[in-house]
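Report on one structure; see the data block that follows.
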Amino acid sequence: MAYERGGLEFFDMEGERIGEPSLFRLKAIADGRSTTIGDASVTLFPGITEAGEIKGYVYSPGLMAPTQIDLPIAEERAVQGLCTGDSSSGGLIRIAYWTMANSMSLTTGILSEVNGDLTWTPEASTASVIPVTSCVFAGGQLVSSASSDSASLTRGEVSALLSLEDGEPIQISTDYGLTNTSVAIRDGITIEAPRNPTALTALGTLPAGGFPGGVVVVAGETTRGEHQVVFIDPSEITLEPVSD
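Numbering-wise (my numbering), the sequence shown opens with residue 4 and increments by one.
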C-alpha cells in the first residue's frame, strides 16, 4: 500500500502491518512477484517515485521496513504509470509503462534475476489508440485503458477485467473492456466497502488465506468520509460464474 503524500507500508492477508512504514514518496506501485536473490527470499514491487523514476520496492522477512532499490531500466523521460504481469519467457516479471511525454505508447520488457543481479530485456513498444491512464495484463494480453485504474481477475477459464472510473462503481468486463457491467460491492459484517473507490488490484488464486475464489483489494472513501483498504471475495464470479 502506498499513500499519496505519504509512505509505503506492507500488510498481510489478515490486514496486519508487516514491518515498519517507509517514507518513500510514490505516485504509483504495481503488483509484485516473489523470487530468491542470493540466499534471500524477497518480493519485488515495481513503482514510480514522485519524480517519475522507476524503482523497485522490496519486502523480505529479514527487513524492518520496505527497501528501495534501483532497477536496470534505462528510461530518461519521467514515467507516469505502469503495470505488471507474468512473464511467459521465464523472467521474473513483465513490466509495461508510459511516460508523461507520450501517453499513446507503452514500453514493455522483462525483468529477470540472473546470478543475484536484475536484468532488463526490452520488448517492442506498443501503440495505444487512446491516451493511457492505466494498463493491465489480462489473459496474457496487454490492455491499455482510459480508466483511472484497472486490474485483471483470472482463475481457470474465468478472465475478467476490472476497471474504475472517477465517481463510478467498479466495472467488470470479459471482452477486454468492449462492454462493461457495474459491480455492486456488499458491506461486510463490520466493514463498509468504499463508495468512492480510487484504486484496485486483484488475484484469482491465492496460496493461502480465507479467500478460496481469489481476492479483490479496493481502496477508497466510505460514506463516513474515511479512507479504507478492503479485501473483497469475488467467489460469485470466479467460482460460480454468472450465466446470461
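All C-beta atoms, glycine included, are put in the ideal place defined by N, C-alpha and C.
**OP:** Would you kindly check if the distance between the Cβ of L164 and the Cβ of A141 is under 7 Å?
**Re:** yes
Original post:
What did DSSP end up calling E12 once you bin it into helix, strand or coil?
Top reply: strand
Original post:
Looking at the unbroken beta strand (DSSP E) that takes in T102, where does it start and where does it end?
Top reply: 96-102
Original post:
When the Cα of G59 is compared with those of Q71, T201, G112, D190, which residue comes out closest?
Top reply: Q71
Original post:
Using 8 Å as the threshold, is the segment 48-57 in touch with the segment 65-79, meaning 3 or more CB pairs across them?
Top reply: yes
**OP:** Compute the Euclidean distance between the alpha carbons of A196 and N118, then round it to the nearest angstrom.
**Re:** 44 Å
Original post:
Residue range of the beta strand (DSSP E) that T111 falls in?
Top reply: 108-117
Subject >> Nearest-angstrom beta carbon gap, A222 and P3 [assumed within contact, 8 Å] >> reply: Past the edges of the chain, shown from 4 to 247, lies residue 3, and the structure says nothing about it.
Subject >> Residue span of the alpha helix (DSSP H) that contains S238, given as start and end >> reply: 238-241
**OP:** May I ask you to report which of helix, strand or coil DSSP gives A141?
**Re:** strand
**OP:** Have a look at M4 and I96 and give me their C-alpha separation to the nearest angstrom.
**Re:** Any answer about M4 is weak, because its pLDDT of 49 lies below 50 and its placement is not dependable; what the coordinates show is given next. One C-alpha to the other measures close to 19 Å.
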